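Number of protein chains: 2
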Amino acid sequence: MAKPLPRSPLAPAGFPDLPTIKGVRFATAAAGVKYQDRTDVMLAVLDPGTTVSGVFTRSKTRSAPVRDCQEKLGADPSASAAILVNSGNSNAFTGHHGQTSVAEIVAAVSGITGAPAGRVFTASTGVIGEPLPHDRIVAKIAELNDGLNADALEAAAAAIMTTDTFAKGAGATVTIDGQTVNIAGIAKGSGMIAPDMATMLVYIFTDAKVEQSALQAQLAKICDRTFNCITVDSDTSTSDSLMLCATGASGVDATGNPEFEQALEGVMLDLAHQVVRDGEGATKFVEIQVTGAESDADAKTHGLAIANSPLVKTAIAGEDPNWGRVVMAIGKSGAAADRDLLSISFGDVLVAEKGWVAPSYKEEDGAAQMKQDEITIKVDLGLGDGAATVWTCDLTHQYITINADYRS
Amino acid sequence: MAKPLPRSPLAPAGFPDLPTIKGVRFATAAAGVKYQDRTDVMLAVLDPGTTVSGVFTRSKTRSAPVRDCQEKLGADPSASAAILVNSGNSNAFTGHHGQTSVAEIVAAVSGITGAPAGRVFTASTGVIGEPLPHDRIVAKIAELNDGLNADALEAAAAAIMTTDTFAKGAGATVTIDGQTVNIAGIAKGSGMIAPDMATMLVYIFTDAKVEQSALQAQLAKICDRTFNCITVDSDTSTSDSLMLCATGASGVDATGNPEFEQALEGVMLDLAHQVVRDGEGATKFVEIQVTGAESDADAKTHGLAIANSPLVKTAIAGEDPNWGRVVMAIGKSGAAADRDLLSISFGDVLVAEKGWVAPSYKEEDGAAQMKQDEITIKVDLGLGDGAATVWTCDLTHQYITINADYRS
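So the protein lines, in turn, are chains F and P. The opening position of the first sequence corresponds to residue 20 in our numbering, with each subsequent residue numbered one higher. The opening position of the second sequence corresponds to residue 20 in our numbering, with each subsequent residue numbered one higher.
Shown next, in the form of structure tokens:
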């Protein structure tokens with residue numbers, strides 16, 4: 020990548036103030052994996068008793084670190100734990116060398132932090148198919164361990180960026196039975212580092228106490244409504260990783276607590292939206308609300324078909340209220356639809372209903388909706404009670420420039 | 020669309036010389052459906068005894084003419100038949116008005132040509148969601164009927180174009196038991212007419228005699244290996260139609276004849292490739308050969324995942340031998356894959372094998388392959404005997420310009 024991209028026009032004003040999560044400390048360092056003059060490794064060390072959950076890419080060609088993390092989920096939470104993330108090299112499609120790199124890093128982190136190897140999780144994001152210079156990372160672990168600090172989440176968010184145009188964080192505080200529980204998380208994506216795809220990494224921490232298998236189930240459930248409902252360009256990274264760690268340091272058991280779940284979903288949705296807002300070349304943030312489907316799954320299928328359609332995404336880029344392309348995407352999705360029961364709105368403007376353009380629709384009203392930075396497309400299938408909301412961005416010249424014009 | 024697009028750099032030198040198909044005649048006219056100063060309707064009249072087969076879009080929001088054609092397949096072939104196609108308006112998502120337009124056109128064609136209404140097929144391509152001005156078409160049918168001519172296929176190919184940059188035709192001649200059988204076909208797509216999607220229409224004629232249900236089965240089978248193996252941008256039109264008509268005028272029964280099938284597949288593949296070569300903004304013609312999959316279906320799933328990946332398509336546009344994106348697309352396709360058994364070649368250059376870059380691979384060799392106009396990507400999954408080949412084009416700035424910058 021020749022030069023840093025400008026900050027996304029859809030980015031929030033700045034990094035948020037996040038609550039301190041007792042039981043986890045962070046440190047960052049510049050290991051020179053690929054980038055110069057910036058931090059590129061992040062270490063998080065979690066106190067004994069922290070429960071750990073994670074969801075990962077379903078890619079059949081997923082990276083060595085992802086495979087290693089998947090094997091370690093469910094390890095006894097009584098010991099301490101650690102997470103080590105590097106940017107600049109994804110350690111994906113690096114053959115047996117990939118496993119070796121993971122093993123070397125895990126052994127070093129375990130040796131220095133004292134966390135058992137079975138509780139050391141790693142992730143790598145960046146160039147694909149090049150051996151990870153893991154010795155540069157290993158050489159920094161003692162320095163990282165010495166620098167651990169409870170209030171370093173923003174620095175951690177910056178260290179895991181690749182070509183993200185802004186650091187992403189979100190947090191929440193909940194009161195349960197009069198006691199305070201905190202949640203804070205960071206994410207990176209969908210910046211791009213040639214010749215790789217946009218990897219999404221997300222780490223969320225809470226001082227709530229949640230039993231490990233309950234935490235895993237909760238993460239998977241909320242992920243389906245948040246991170247699994249966003250798409251930038253339909254491509255799936257070999258390295259996508261999302262981990263949620265509950266240190267329990269607040270002493271408050273939040274297992275099954277609805278306020279905690281709601282706050283956690285808020286943090287995950289906020290981070291997911293920030294990933295879309297940093298979508299490559301994005302100039303519009305698009306929410307697609309699908310209702311009236313035969314099932315929630317059908318609604319999501321329709322929503323993602325619309326969100327992934329190049330013709331819909333280019334129409335949005337061109338501020339063109341091109342509802343015909345929305346009809347097309349619904350038709351091709353494979354989920355149930357009936358042309359004559361379908362209605363489509365852009366924001367509050369009813370565009371089409373009963374198999375045709377709405378009698379009240381004026382092209383200038385649709386065009387005014389499309390001029391906004393944040394666009395809502397509403398589709399009611401008129402078939403049942405299934406509903407889903409998905410989020411995406413537009414497809415612009417800048418996407419082509421980022422992915423085609425800059426050579427690796 | 021502001022002005023005509025330049026002829027695709029991937030277009031053939033000119034329209035081919037096609038054999039005359041006895042038993043079918045063509046005429047074109049300028050009805051002014053939307054375009055000015057060009058032909059926009061095509062009538063084909065088929066002699067009694069012609070068997071008719073067709074495959075159509077699977078879109079749930081398919082157009083009124085498509086629904087009408089689907090109902091009529093299988094009609095008794097003893098009477099004459101007719102096909103009427105207009106460009107400029109797709110008559111899709113036009114509510115009950117759509118059915119009315121089809122009925123009016125079918126009645127007029129039937130009345131003037133003498134073909135029974137149940138054997139009159141129509142298609143429309145162009146703007147979506149606007150009522151079809153069918154009276155302009157109806158007013159031209161007598162003129163069309165008077166002008167029917169056996170040697171007017173090139174004119175027919177031109178009349179059905181929307182923003183195609185060249186007229187598409189292909190033909191073949193086969194000798195069966197010492198007798199000559201001819202095949203000739205025309206196609207349009209993937210030009211674009213705002214605010215519509217790229218519709219593909221294909222009409223193929225032969226003077227062979229083929230029993231109607233056998234013709235339908237043969238068409239569907241070959242379509243799976245040809246038109247169902249091409250993709251420009253993964254979006255599916257509401258109007259895609261492919262019809263194959265066998266007049267039997269040669270007197271030669273070609274039912275089940277392997278030479279006939281091979282020649283027909285050649286014509287269909289040629290037309291399918293021409294559609295890709297006219298893909299919006301295309302500068303590269305890409306063949307993706309997948310072998311070693313667990314099944315042919317898996318191979319096609321992998322091939323289409325690669326062909327539809329925006330990251331693969333933009334890398335090709337940028338002449339970047341970015342095999343990491345091919346690995347990514349295989350990983351996300353959902354079909355079986357094993358990173359350590361996979362090998363990838365660009366043309367004859369082995370790029371990756373055994374889960375990593377090939378030891379023999381040099382970046383400049385891959386880059387040289389990418390500089391060509393026609394690129395072959397070979398993937399061997401190393402799992403079984405499943406194979407498939409698919410074709411696509413690259414994703415360029417011009418695609419964005421065509422679909423975003425020109426407003427409806």
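We put the beta carbon where it would ideally sit given N, CA and C, even for glycine. It should be emphasised that the depicted structure is a prediction, and the values quoted were computed from it without experimental measurement.
Exercise for review: Would you decide whether P:P25 is buried or exposed? Buried here means 16 or more other CB atoms lie within 10 Å of its CB.
Suggested key: exposed
Exercise for review: Compute the Euclidean distance between the alpha carbons of P:K79 and P:F185, then round it to the nearest angstrom.
Suggested key: 30 Å
Point to revise | Given P:S364 as reference, the closest of P:D357, P:A326, P:K351 and P:G385 once Cα atoms are compared | key: P:G385
Check your understanding: Which of helix, strand or coil does DSSP assign to F:T181?
Key -> The answer is coil: DSSP assigns F:T181 none of H, G, I, E or B.
Point to revise | Closest by C-alpha distance to F:D196, when choosing among F:S260, F:A174 and F:F279 | key: With distances taken between Cα atoms, F:D196 lies closest to F:F279.
Check your understanding: Taking Cβ positions only, does P:P329 come closer than 9 Å to chain F?
Key -> Closer than 9 Å to some Cβ of chain F, the Cβ of P:P329 qualifies, so yes.
Review point. Out of curiosity, what's the CA-to-CA distance linking P:P135 and P:A100?
Key: 7 Å
Check your understanding: Closer than 8 Å, Cβ to any Cβ of chain P: which residues of the region 249-262 of chain F, in chain order?
Key -> D252, S253, D254, T255, S256 and T257
Practice item. Kindly indicate the opening and closing residues of the alpha helix (DSSP H) around P:R44. Key: Per DSSP, P:R44 belongs to no alpha helix (DSSP H); it is in the beta strand (DSSP E), V43 to A48.
Review point. Can you tell me where the alpha helix (DSSP H) with P:F279 in it begins and where it stops?
Key: Counted as a single uninterrupted DSSP element, the alpha helix (DSSP H) harbouring P:F279 occupies residues P277 to R296.
Exercise for review: Would you be able to state if there are at least three C-beta pairs under 8 Å between the region 138-150 of chain P and the region 97-114 of chain P?
Suggested key: yes
Check your understanding: What are the complete alpha helix (DSSP H) segments, minimum 4 residues, inside the region 132-211 of chain F?
Key -> 153-157, 160-165 and 172-178
Exercise for review: Could you tell me which chain F residues have their CB closer than 7 Å to the CB of P:K381, listed as they occur along the chain?
Suggested key: In chain order: nothing, as chain F lies at least about 14 Å away.
Check your understanding: Does the distance from the CB of F:K319 to the CB of F:V409 come in under 9 Å?
Key -> yes
Point to revise | Rounded straight-line distance, which links the Cα of P:M219 to that of F:G350 | key: Using only the alpha carbons, I get a separation of about 16 Å.
Check your understanding: By DSSP, does P:E383 sit in helix, in strand, or in coil?
Key -> Under the three-state reduction of DSSP output, P:E383 falls in the helix class.
Check your understanding: Is the shortest distance between the beta-carbon of F:H416 and the beta-carbons of chain P less than 9 Å?
Key -> yes
Practice item. Can you pull the chain P residues whose beta carbon is under 8 Å from the beta carbon of F:V346, in chain order? Key: Result: T80, A111, F112, I147, G148 and T257.
Review point. Going by DSSP, which residues form a beta bridge with F:D272?
Key: F:K228
Check your understanding: F:H115: buried (16+ other C-beta within 10 angstroms of its C-beta) or exposed?
Key -> exposed
Review point. Is any beta-carbon of chain P found at less than 9 Å from that of F:D359?
Key: Answer yes: the Cβ-Cβ gap between F:D359 and chain P drops below 9 Å somewhere.
Exercise for review: Could you tell me whether the Cβ of F:D339 comes closer than 9 Å to any Cβ of chain P?
Suggested key: By this cut-off, F:D339 is an interface position.
Practice item. Can you grab the Cα-Cα spacing for the pair P:A316 / F:E372, in whole Å? Key: 37 Å
Check your understanding: Do you know offhand how far P:P150's Cα is from F:V398's?
Key -> Approximately 22 Å, taken between the alpha carbons.
Check your understanding: Less than 9 Å separating the beta-carbons of F:E299 and F:N422?
Key -> Against a cut-off of 9 Å, the Cβ pair of F:N422 and F:E299 comes out as a contact.
Check your understanding: Closer than 9 Å, Cβ to any Cβ of chain P: which residues of the region 46-76 of chain F, in chain order?
Key -> T76
Point to revise | Start-to-end residues for the beta strand (DSSP E) that takes in P:A101 | key: A100 to N108
**Study point:** Those residues which DSSP pairs with P:K397 across a bridge
**Key:** P:Q308 and P:S364
Review point. Is the Cβ of F:A326 closer than 9 Å to any Cβ of chain P?
Key: no
Check your understanding: Do F:A206 and F:T69 come within 9 Å of each other at the CB atom, strictly closer than that value?
Key -> no
Review point. Got a sec? Which residues, its chain only, sit under 7 Å from F:T302 by beta carbon, not counting five neighbours each side?
Key: Only P28, A336, D413 and T415 meet the Cβ criterion.
Review point. Hey, does F:T310 have any beta-carbon neighbour from chain P nearer than 9 Å?
Key: Chain P contact via Cβ: absent.
Practice item. Would you mind stating whether F:K187 and F:L288 have Cβ atoms separated by less than 9 Å? Key: Going by C-beta atoms, F:K187 is not nearer than 9 Å to F:L288.
Point to revise | Contacts of P:G374 in chain F (Cβ-Cβ under 7 Å) | key: Near P:G374 (Cβ distances below 7 Å), the residues of chain F are F112 and G114.
Review point. Using a Cβ-Cβ cut-off of 7 Å (strictly less than) and excluding sequence neighbours within five positions of F:I212, which residues of its own chain qualify?
Key: Low per-residue confidence applies at F:I212: pLDDT is 37, beneath 50, and the placement is therefore not dependable, though the value from the model is reported in the following sentence. Correct list, in chain order: M20, G145, V146, T181 and T182.
Practice item. Pick helix, strand or coil for F:A32, following the three-state DSSP scheme. Key: coil
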